[in-house]
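Undergrad:
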Amino acid sequence: MRLIPSLSIGLYAGLANAALDKRAAIDDCLSSAGVPTDARGSTAWNQDVAPFNQRVPYTPVAIVVPSTVAHVQAAVSCAAKVGVKVNPKSGGHSYASFGLGGENGHLVVELDRLNAVSVDSATKIATIEAGARLGHVATALYAQGKRAISHGTCPGVGLAGHSLHGGFGFSSHTHGLALDWMAGATVVLANTTVVNCSVTENLDLFWALRGAGSSFGIVTSFRFNTFEAPPVVTVFSANLPWNNAQQATTGWTALQNWVNSTMPSEMNMRVFGMSFGSQLQGMYYGPSSALQQAIEPLMTLLVDVSHPYNMQELFFSKSLVTTALPPAAMQAATNYWFSQAKQVSRAWFIIIDMYGGKNAAIPKVPANLTSYAHRDKLFLYEFYDRQYAGSYPSNGFDFLNGWVKAFTDNLAPSQWGIYNT
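Start counting the sequence shown at 152; every next residue gets the next number (this note's numbering).
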């Protein structure tokens, strides 16, 4: 009668012992190779293992903190010898904790100590180590000749994961994605070989890195073309009078038509929708007088203008990219927004970025030039549901999954995709 429980206990003990054996083996290998690591339970370990999304914590078998490319090579070699999976982590901002492996037991290569940024004064090409975060990149580039690249808005996000999968932000309608400015990269491959790639060297790898970069090696540094940072930037916001689904559908339709045909390349915008209201937020690369002239036709359509890392959260998030929405999809999405979503009391929000359109930089790049898949889309969405105390509710997943389904059920497969997680 007690045979099955005894077998279960024995199996569990065997698995636990195997995990301990692997941990000891990886520790010995890394130590012999002179690779620096976080001591388990230390302040550095606790900081590096803390996920951005507290809903998905994972425990790695070890955390490597390289200061040289040779350290990264040795870490990959040890992981292969011991038989554990290896994951690079740049900023750790992955919503699903993929920098920690997305499961327990991976060897994490914590890159954020590799964060140097330098600009060649002649070519204006920036060499940026893979652990640099966006805020550091922006300030360092500006300090070295007032240069810039296109990137996102969160200063704590790591450049590597951000740019390898796209890199969208409040400059992308004007200057394209971060990956569109990538001129080359240095990569440690699975066999520990270090290679450079660019349009003239290992072009197939360079193509793959720009859109699907997590699958081909550990990037240790990037080379980016840069542009002159704009001398004047105007930030603006406007409250949207979207109090029900019909108002939102009418306003969104007008906005969609304007983005698709008229929105100037200098303008970058998004809709930020919350449980208690919605805003149009944006950044214009030029003076406020030019912004007023450019945006006035849209404001007439939208009716109302009111007024121009150590961070963790508990949340579930979804992403989506779509072409222009047909009426059925837009109506279904706004119906969900102003019915089911309004009944959820957690601190959720939706961001709708004005991503494409006639004057946008992203769709002007030939589709086959990089591995990035979504250059034909008009909108980029982020659905985000936060829980401030306790645990995330098990029925919370259905909330955002249902919202995305309201879109996709009314779109052809070619009209939508997933940006990232």
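Glycine included, every Cβ here is placed at the ideal spot set by N, Cα and C.
1. In the DSSP assignment, find the beta strand (DSSP E) that holds PRO239 and state where it starts and stops.
2. Is the beta carbon of GLY402 sitting closer than 8 Å to the one on TRP393?
3. Quick check on DSSP: helix, strand or coil for VAL207?
4. On the three-pair Cβ rule with 8 Å, is the stretch 260 to 275 touching the stretch 198 to 218?
5. Using a Cβ distance threshold of 8 Å, determine whether the stretch 308 to 316 contacts the stretch 489 to 499, with at least three qualifying pairs required.
6. Where does ILE369 sit, in a helix, a strand or coil, going by DSSP?
7. Can you check which of these residues, THR559, ASN546, TYR293, ILE276, is closest to PHE467 by C-alpha distance?
8. With 8 Å set as the bound, which would you pick, yes or no: does the beta-carbon of ASP172 sit closer than that to a beta-carbon of chain B?
9. Keeping to the same chain, check which residues put their C-beta closer than 7 Å to that of LEU285; ignore five residues upstream and five downstream.
10. Taking the beta carbon of MET450 as the centre, do at least 16 other beta carbons fall within 10 Å, making it buried, or is it exposed?
11. Report the three-state DSSP secondary structure of GLN430 (helix, strand or coil).
12. In terms of alpha-carbon separation, which member of LYS275, ALA445, ALA294 lies closest to PHE375?
13. Mind listing, in chain order, the continuous beta strand (DSSP E) runs of no fewer than 3 residues lying wholly within the stretch 349 to 403?
14. Starting from the C-beta of SER439, find all residues in its chain whose C-beta is less than 6 Å away, skip the five residues before and the five after it, and write them out in chain order.
15. Once you ignore the five residues that flank ASN353 on each side, which residues in its own chain have a CB closer than 8 Å to its CB?
16. Distance, Cα to Cα, ARG264 vs ALA225?
17. Could you round the C-beta distance between LEU551 and ASP527 to whole angstroms and report it? I think they count as a contact, below 8 Å.
18. Kindly list the residues whose CB is nearer than 8 Å to the CB of LEU162, restricted to its own chain and excluding five residues on each side of it in sequence; keep chain order.
19. Under the three-state reduction of DSSP, which class applies to ASN546: helix, strand or coil?
20. Assign ASP172 to one of three DSSP states: helix, strand, or coil.
21. Tell me the rounded alpha-carbon separation between LEU476 and THR485.
22. Measuring CA to CA, which of VAL220, PRO544, GLY320, SER565 is closest to THR344?
23. Straight-line CA distance for ALA164 to VAL268?
24. Under a Cβ-count criterion, where at least 16 other Cβ atoms within 10 Å of its own Cβ denotes burial, should LYS297 be classed as buried or exposed?
25. Between LEU181 and the rest of its own chain, which residues show a CB-CB distance below 6 Å, the 5 nearest in sequence each way excluded?
26. What residues in its chain sit with their C-beta under 7 Å from that of SER429, if we drop five residues either side in the sequence?
27. Enumerate, from N- to C-terminal direction, the unbroken beta strand (DSSP E) stretches of 3 or more residues contained entirely within the stretch 256 to 322.
28. Rounded to whole angstroms, what's the CA-CA distance from LEU166 to LYS469? Just pull it up for me.
29. Note down the Cα distance separating GLN432 from TYR532, rounded to an integer number of angstroms.
TA: On the basis of the supplied data:
1. Its beta strand (DSSP E) spans residues 237 to 240.
2. The beta carbons of GLY402 and TRP393 sit closer together than 8 Å.
3. Note: VAL207 maps to coil in three-state DSSP.
4. At 8 Å Cβ cutoff, the stretches touch.
5. The answer is no - the stretch 489 to 499 does not touch the stretch 308 to 316, with fewer than three Cβ pairs under 8 Å.
6. If DSSP states are grouped into helix, strand and coil, ILE369 belongs with the strands.
7. PHE467 has its Cα closest to that of ASN546, out of THR559, ASN546, TYR293, ILE276.
8. The structure shown contains no chain B; it holds only a single protein chain.
9. HIS302, GLY303, CYS305, PRO306, VAL308, LEU310, HIS313.
10. Answer is exposed; the Cβ neighbour count stays below 16.
11. Three-state result, GLN430: strand.
12. Closest in alpha carbon position to PHE375, among LYS275, ALA445, ALA294, is LYS275.
13. Within the stretch 349 to 403, the complete beta strand (DSSP E) runs of at least 3 residues are 369 to 375, 385 to 391.
14. Its chain contains THR385 as the residues whose beta carbon lies nearer than 6 Å to that of SER439, once the 5 sequence neighbours on both sides are disregarded; these appear in chain order.
15. In the same chain as ASN353, and ignoring 5 residues on each side of it, the C-beta atoms closer than 8 Å to its own belong to VAL346, ASN347, in chain order.
16. Straight-line Cα distance between these residues: approximately 17 Å.
17. That pair is no contact at about 24 Å.
18. The predicted model places LEU162 with a pLDDT of 46, which falls under 50 and marks its position as unreliable; any figure quoted below should be read in that light. Around LEU162: no qualifying Cβ.
19. In this structure, ASN546 counts as coil in the three-state DSSP scheme.
20. Helix.
21. Going from the Cα of LEU476 to the Cα of THR485 covers about 12 Å.
22. Between THR344 and the set VAL220, PRO544, GLY320, SER565, the nearest pair of CA atoms involves VAL220.
23. With a pLDDT of 49 at ALA164, under the threshold of 50, the modelled position of that residue is not reliable, and the figure given next carries that caveat. When rounded, the distance between both Cα atoms is 48 Å.
24. Label assigned to LYS297: exposed.
25. The answer, listed in chain order, is THR188, CYS229.
26. Cβ within range, chain order: LEU391, TRP393, VAL422, PHE423.
27. Runs found: 258 to 261, 268 to 270, 277 to 280.
28. Any answer about LEU166 is weak, because its pLDDT of 49 lies below 50 and its placement is not dependable; what the coordinates show is given next. Taking the CA atoms as reference points, LEU166 sits about 34 Å from LYS469.
29. Rounded to the nearest whole angstrom, the CA to CA distance from GLN432 to TYR532 is 14 Å.
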